[in-house]
Amino acid sequence: MAERQRSTADFPVGFDEELHPEFSINFQMNRFYSWTNDSEMLEELRSAAPDIHSYAELFEIYLKLGQQAVAADKKLKAANYLRGAEFYMPEDHPLKHTSRQQFIALARTHYHVEDKQHFDISYDKGFLSAYRFAPQAPAKGSIVLFGGFDSYIEEILLMALVFKDAGYDVVCFDGPGQGAALEDWHLPMTHEWVKPVTTVLDFFNLKEVTLIGLSLGGCLALRAAAYENNRIKRVVADDICADFYKVLLRQTGPLEDSISTLMAQENEAEINALFSRLMKQNLMLEWGIRQGMHVTGSQTPYGFLKQSMLYTTAEISPLLSQDVLLLAGQEDHYIPLVQFGEQIGSLTSVRSLTTRLFTRKQQAQNHCHVGNIGLSINVILNWLQQLEE
């Protein structure tokens with residue numbers, strides 16, 4: 003039986019702003035639903051939302067719904083529920099590892115990923131998990147794709163397959179600080195993203211590459227491309243992230259200036275004490291700081307914030323000489339819109355620069371265009387086609 007062709011029509015259009023009163027939870031509910039386009043899942047989330055008042059309640063409900071989906075043989079929905087549960091579980095939760103493994107297995111099965119399409123690439127003291135999907139006809143070109151701060155590459159297999167079915171040879175991978183590289187091999191994230199990218203390019207002997215990074219991966223993609231001008235010819239930042247430290251400060255609201263001053267003074271004790279208090283008051287901040295410490299291998303909130311200062315693009319942007327596409331959401335609750343303009347202005351040596359700001363009328367105003375991911379993929383594909391003409 004012929005393999006079903008996947009396209010951007012596989013993604014839903016519409017962001018439900020009333021799934022949950024806590025916006026961070028609401029956003030993540032929309033996020034995981036968006037990769038399934040399963041209306042039944044959306045209704046289940048609506049029904050479950052009133053019973054969710056904490057992350058503990060959230061992941062317990064996700065676990066329950068996930069196992070129900072497993073029993074009903076609805077693999078993609080089950081995978082996203084279990085990933086959602088794992089996403090919010092603390093590192094020491096006894097079901098975290100099991101949920102992660104089940105999520106990966108279900109995603110691979112749903113998308114009919116064969117063992118020969120998966121690769122473990124030696125890197126540092128561990129391995130990077132990668133997939134390669136090649137079209138049947140001669141490829142239009144090579145795409146290398148990865149996520150960001152809290153990603154698993156299995157979450158975005160659908161995006162990789164859409165690119166493959168559009169005619170591209172696609173490699174997608176978890177770098178250090180992501181997915182299996184972090185959880186199985188304990189490889190912390192690095193701002194020197196050219197190291198894992200170079201490792202992947204070498205492993206697959208790739209040239210004339212389009213590099214695509216999602217979320218914080220937008221920052222990482224630009225940082226890698228600055229030092230791989232010969233093999234990376236096109237770069238997509240989806241979304242832009244010009245300064246990760248400022249993204250984190252934004253989540254602290256009116257305390258942003260005070261925290262910035264304490265960090266400039268290197269007042270580690272006060273920063274740690276302050277975040278200990280703030281994390282008890284703000285769900286998104288609590289999750290973000292704990293996850294950030296885990297991803298970067300930091301022992302304290304101060305240590306994580308210091309690490310985050312390395313994830314900037316200002317100093318490397320003038321080094322880029324490729325064709326660059328920058329994407330942003332007009333109402334991104336993580337990345338300040340001012341960084342879109344800053345990123346545009348700093349790319350002074352690129353061959354070409356194309357930008358796209360997605361709006362509420364397009365249902366793509368949010369971070370990574372959750373609500374209309376298909377539109378953002380179409381923009382990327384159209385951009386690539388124009389460059390080929």
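Whatever position you read off the sequence shown (first residue = 1), add 2 for the working numbering.
Using N, Cα and C, we set each Cβ at its ideal position, and we do this for glycine too.
Quick caveat, the model's predicted, so the values are computed rather than measured.
Check: May I ask you to report which of helix, strand or coil DSSP gives Ser124?; Outcome: strand
Check: Alpha carbon to alpha carbon, how far is Leu97 from Val297?; Outcome: 19 Å
Check: So, are the CB atoms of Leu339 and Ala227 less than 8 Å apart?; Outcome: no
Check: Go ahead and pull the three-state DSSP assignment for Gly215.; Outcome: strand
Check: Spell out the partners DSSP gives Phe148 in its beta bridges.; Outcome: Gly215
Check: Compare the Cα-Cα distances from Glu19 to each of Gly343, Val372, Ala74 and report the closest residue.; Outcome: Val372
Check: Classify Val326 as helix, strand or coil using the three-state DSSP reduction.; Outcome: strand
Check: Using a Cβ-Cβ cut-off of 7 Å (strictly less than) and excluding sequence neighbours within five positions of Asp245, which residues of its own chain qualify?; Outcome: Thr314, Gln341
Check: Which word fits Met3, buried or exposed, when buried means at least 16 other C-beta atoms lie within 10 angstroms of its C-beta?; Outcome: Unreliable positioning characterises Met3 in this predicted model, as indicated by a pLDDT of 43, which lies under 50. A coordinate reading is not provided.
Check: With DSSP as the reference, please indicate the residues paired to Leu359 in a beta bridge.; Outcome: Ala330
Check: Taking 8 Å as the threshold, find out whether the stretch 201-210 comes into contact with the stretch 179-189 through three or more Cβ pairs.; Outcome: no
Check: Put Leu130 into one of helix, strand or coil per three-state DSSP.; Outcome: strand
Check: Out of curiosity, what's the CA-to-CA distance linking Gly220 and Ile379?; Outcome: 14 Å
Check: Rounded C-beta distance between Phe125 and Ile145? I'm assuming under 8 Å.; Outcome: The identity of residue 125 in the sequence shown is Tyr, whereas the question assumes Phe. Tyr125 to Ile145, Cβ: 20 Å. No contact.
Check: Can Lys235 and Gln324 be called in contact, C-beta distance under 8 Å?; Outcome: yes
Check: Taking DSSP as the reference, what is the three-state secondary structure of Thr192?; Outcome: coil
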